[in-house]
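With the numbering used here applied, the sequence shown covers 8 to 130.
Just so it is clear, CB atoms sit at the ideal spot from N, CA and C, and this is done for glycine as well.
Keep in mind the model is a prediction, meaning the values are calculated, not measured.
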Amino acid sequence: MAPNDGSPFTVVDHTFELCRLARDARLSVTQGRLIDVFRSLKTIDLINIDDYRLTLRANLVSTREDEVRFDKIFQDYWYGSDRENEDYKPWRPELIRDEKQHGEVNNHAEMFTKQREFSSEKM
């Protein structure tokens, strides 16, 4: 089953197939996660491929490595994989979390430098 072969598969069919492929790629696809996927699909615009992909990814993966693996599975499923050994670049790298654990050092500096005075009348 492939999305571009002209066969009349539904969103449910494609979702089950993507979940099967993710499980075959050793992602932790459990029955509970499948239920969560289908519950989440009710809340998105199914025409938007990014919303669909991110909904599946949010419910099926738990690590950065799994995010990249899932995005490759999704891209190969919908668009085909022409070159097996080519270095894979994430489909939308800005959506993958980076190594930062906290925000930028200078963000909201005014909160730390500007002193405010409060009088008893204002409170």
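Where the alpha helix (DSSP H) through residue i begins and ends
i, result
"F77", "71-86"
"N66", "56-67"
"R27", "18-31"
Exposure of residue i, with buried meaning 16 or more beta-carbon neighbours within 10 Å
i, result
"V44", "buried"
"T62", "buried"
"R6", "Because the chain here runs from 8 to 130, residue 6 falls outside it and cannot be looked at."
"I56", "exposed"
"V19", "exposed"
"I42", "exposed"
"I80", "buried"
"R64", "buried"
"D78", "buried"
"A32", "exposed"
Straight-line gap, residue i to residue j (C-alpha atoms, nearest Å)
i, j, result
"L53", "E128", "54 Å"
"Y59", "H21", "11 Å"
"V68", "Y84", "17 Å"
"R76", "K49", "25 Å"
"L25", "I51", "17 Å"
"Q82", "S35", "19 Å"
"D73", "Q38", "18 Å"
"S47", "F23", "14 Å"
"F16", "S88", "20 Å"
Any non-hydrogen atom of the ligand COA within 7 Å of residue i CB
i, result
"I42", "Among the ligands in the structure shown, none appear at all, so the ligand COA cannot be discussed."
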